[in-house]
Amino acid sequence: MYSALPQAFGTSYYVISLSVNIVITILITIRLLLYRRRMLNTLPDAVEQASDYVSLATIMIESAALYSVLSLIFIITYAIGNPLNQTFLTAASCGQQIAGFLIIYRVAQGRAWDQDTVTKHSRSFGSLAFASSKARQTNSSETDTLEQEASDV
Numbered sequence: 001m002y003s004a005l006p007q008a009f010g011t012s013y014y015v016i017s018l019s020v021n022i023v024i025t026i027l028i029t030i031r032l033l034l035y036r037r038r039m040l041n042t043l044p045d046a047v048e049q050a051s052d053y054v055s056l057a058t059i060m061i062e063s064a065a066l067y068s069v070l071s072l073i074f075i076i077t078y079a080i081g082n083p084l085n086q087t088f089l090t091a092a093s094c095g096q097q098i099a100g101f102l103i104i105y106r107v108a109q110g111r112a113w114d115q116d117t118v119t120k121h122s123r124s125f126g127s128l129a130f131a132s133s134k135a136r137q138t139n140s141s142e143t144d145t146l147e148q149e150a151s152d153v
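At position 30 of the sequence shown the residue is numbered 30 (our numbering), and the sequence of numbers has no breaks.
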C-alpha cells in the first residue's frame with residue numbers, strides 16, 4: 001500500500017508519539033502519587049483528602065488507556081500495511097479527544113476508581129443472593145422516610 005521508506009518513517013513517528021503519550025501519563029501519575037505521599041507525611045490525618053490524588057491518577061490512567069489501545073491497534077495495522085489502518089487512525093484521533101473530555105468530565109463529577117470500587121461492584125456467582133420481600137419493604141420504607149426528611153429540610 002505504501003512504499004517502504006514512508007511507511008518506515010510513519011511507523012517510527014506513530015510509535016514515538018504513542019511512547020511519549022505513555023511516558024507522560026506515567027510521569028504525571030508518579031507526580032500525583034508523590035504529592036499524595038508528601039501530604040500524608042505532612043498531615044497524617046488527611047487520608048481522605050490524600051485519596052483524591054489516587055483518584056486523579058486513576059482518571060489519568062483510564063483516559064490514557066483509551067487512546068493508547070486505539071493507537072496501538074492503528075500502529076499494528078499500519079506496520080503490516082493493512083488498509084484497515086485508516087479506520088483505526090480516525091478512531092485513535094477521536095480517542096485522543098475523548099480522553100481529554102473524560103478527564104474533564106470525571107474531575108467535574110468527582111468520580112473515579114478508588115479502593116472501594118472493586119469491592120462495591122464486584123459480583124461473585126457464589127455469593128449471589130436475592131433480597132426477600134421483607135427486605136424490599138424495609139428498604140422502600142427507609143427510602144420514603146429519607147425522602148420525607150429531605151422535603152422537610
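Where a beta carbon is used, it is the ideal one built from N, C-alpha and C, also for glycine.
In this structure, how does DSSP classify Ala91 when only helix, strand and coil are distinguished?
helix
Starting from the C-beta of Asn85, find all residues in its chain whose C-beta is less than 8 Å away, skip the five residues before and the five after it, and write them out in chain order.
Phe74, Thr77, Tyr78
Buried versus exposed, by CB contacts within 10 Å (16 or more), Phe9
exposed
Taking a contact to mean a Cβ-Cβ separation below 9 Å, would you say Ser68 touches Gly100 in this structure?
no
Spell out a yes or no on whether the region 19–38 and the region 51–59 are touching, meaning 3 or more CB-CB pairs, one atom from each, closer than 8 Å.
yes
So is Arg106 buried or exposed if we call it buried at 16+ other beta carbons inside 10 Å?
buried
To the nearest angstrom, how far is it from the Cα of Tyr13 to the Cα of Ile28?
22 Å
For Phe125, collect the residues of the same chain with a Cβ closer than 7 Å to its Cβ; drop the 5 residues on either side in sequence, then sort them by chain order.
Note on Phe125: pLDDT 42, under 50, position unreliable in the model; the coordinate value appears next. Result list for Phe125: empty, nothing under 7 Å.
Among the residues of its own chain, which have a CB less than 7 Å from the CB of Val23, if the five just before and after it don't count?
none
When the distance is taken between beta carbons, is Leu70 closer than 9 Å to Phe88?
yes
Environment of Thr25 [buried if 16+ CB atoms lie within 10 Å]
buried
With DSSP run on the structure shown, which of helix, strand or coil describes Pro159?
Shown here, the chain extends from 1 to 153; a query on residue 159 therefore has no answer.
Going by the CB atoms, is the gap between Gly81 and Gln7 shorter than 9 Å?
yes
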